[in-house]
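Positions 293 to 382 (this note's numbering) are the ones given, in order, by the sequence shown.
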Amino acid sequence: MKDRPYVDAGTFESWGRQESAPLAVAVGYDGGKLLKAAKKDGAYQLSAEYIASAKGVADRQATLAGYRIAEVLVRLLGDQPVGNSLTRLH
């Protein structure tokens, strides 16, 4: 597992509840401050700092999701060459 830190003892539920939900509150909702942010024409005004922080977290989480999905597929399909797997789909 050391060479694949994205795979842990977690489950899909724990990734959601223990990893993603706290990040959503802390970063996505800016610790609750976003709900109090100034609105212009009904839209929240997001600072460049907020956008950069949220993008960094979103990029990391999307990368982790990709690795985790790949790990699940390898477990389901076995460690087969990609060509064999694609041939079976046709």
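No residue lacks a Cβ here, since even glycine has one placed at the ideal position from N, Cα and C.
As the structure is a prediction and not an experimental result, all values here were calculated from the model.
Coil, strand or helix - E305 by DSSP:
helix
V349 and V319 closer than 8 Å at C-beta:
yes
By how many angstroms is the C-alpha of K332 removed from the C-alpha of R309?
32 Å
Own chain residues within Cβ distance below 8 Å of I343, not counting five before or after
none
Just verifying my parser: in three-state terms, what is the DSSP assignment at Y336?
strand
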